[in-house]
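Read in order, the letters of the sequence shown are residues 1 to 225 in my numbering.
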Amino acid sequence: MKKVKEIVCIVIVTLITLSSCTTESIGPELMLKKIVEVSVDGSSSNTNLNYNGNKIVNIDKVDVLLEFYYTGDLITKIVEFNKLASHKNTLEYSYSDGKLTKIISSDGYVINYIHNNDGTISYEKRSKEAANLEVKIYHGVLSFQNGNLIKDDQILDNTGNGILSKKEISLGYDNTQNPLNNIVGFSKLLNYQQAISLNNNVVYVESSTVQLINDDQIISSIKRS
């Protein structure tokens, strides 16, 4: 009889990263202009957000600069500058009836999205290898409730024969509106996960499981932070 070896990693993180922030009013809505993140050692870092009306122009972090480009009210391109590695990655966003269907990265990967009738969103990420061949990296399903992303079930596809690797992310929210939700088109960027939700994310729970077939030993590892 086959036995299964399981390596389980569970990470529980309570996110309270917006230790201090300032907002300024543009018209009737509040637009988040600055985020100050304070680490446990007392050090801090600033993130600045710049707008043209209610459209985001760029997000300037210590290590990354993100530049946003619109077609109408849809964000169709984001350019990511990694300041530490001096690397640029361009993301092209495609939509159908206002819903995100594909992301193409200049770093050589593609993410496809399917909007299901039950409100969930299926996705898969593929990388482009030599000879322009596409290799499936992972696939999964996003679940939403009241405008908030509450679950991300993901299965890795490039783990090799006889290996099943799964990851589940569960998210919880308070009743405060997420100020990033006021940005035109931002809530459609599915690769930004909880940042696109209607309310502020306060709980993030991640569990990962790797199952190895034909092994007599069972190993479990749990990590919390």
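No residue lacks a Cβ here, since even glycine has one placed at the ideal position from N, Cα and C.
If you check the CB distance, Q193 and D152 come in under 8 Å. Taking a 10 Å sphere around the C-beta of G140, we find 16 or more other C-beta atoms and assign the residue as buried. Cβ neighbours of E134 within its own chain (closer than 8 Å, five residues either side excluded): V110, R126, S127, K128. Our two residues, I150 and I114, have alpha carbons roughly 18 Å apart in a direct line. If only complete runs of 3 or more residues are kept, the region 105 to 174 shows the beta strand (DSSP E) at 109 to 115, 121 to 128, 134 to 145, 148 to 156, in order along the chain. Linking L212 to N161 through their CA atoms gives a straight-line distance of about 9 Å. Contact annotation, L100 with Y93: C-beta distance approximately 6 Å; criterion of less than 8 Å satisfied. The Cβ atoms of I78 and E67 sit closer than 8 Å to each other. Membership of F186 in any beta strand (DSSP E) is not indicated, and neither H nor E is assigned to it by DSSP. With a 10 Å radius around the Cβ and a threshold of 16 neighbouring Cβ atoms, S96 comes out exposed.
Excluding residues up to 5 positions away in sequence, N58, F81, K83 lie with their Cβ nearer than 7 Å to the Cβ of L65 in the same chain. DSSP places L66 within a strand segment (E or B) once states are collapsed to three. Contact between S105 and N116 is ruled out by a C-beta separation of about 24 Å, above the 8 Å threshold. V79: member of the beta strand (DSSP E) spanning 74 to 82, first to last residue.
The straight-line gap separating the alpha-carbon atoms of N54 and T120 is approximately 28 Å. The Cβ atoms of Y173 and N148 lie closer than 8 Å to each other. The secondary-structure analysis by DSSP pairs K33 with nothing; it has no beta-bridge partner. N158 has its alpha-carbon roughly 32 Å from the corresponding atom of V202. Between the C-alpha atoms of Y51 and Y138 there is a straight-line separation of about 34 Å.
Annotation for D97: no beta strand (DSSP E) segment contains it, and DSSP assigns it neither H nor E. 8 Å or more divides the Cβ of N175 from the Cβ of N146.
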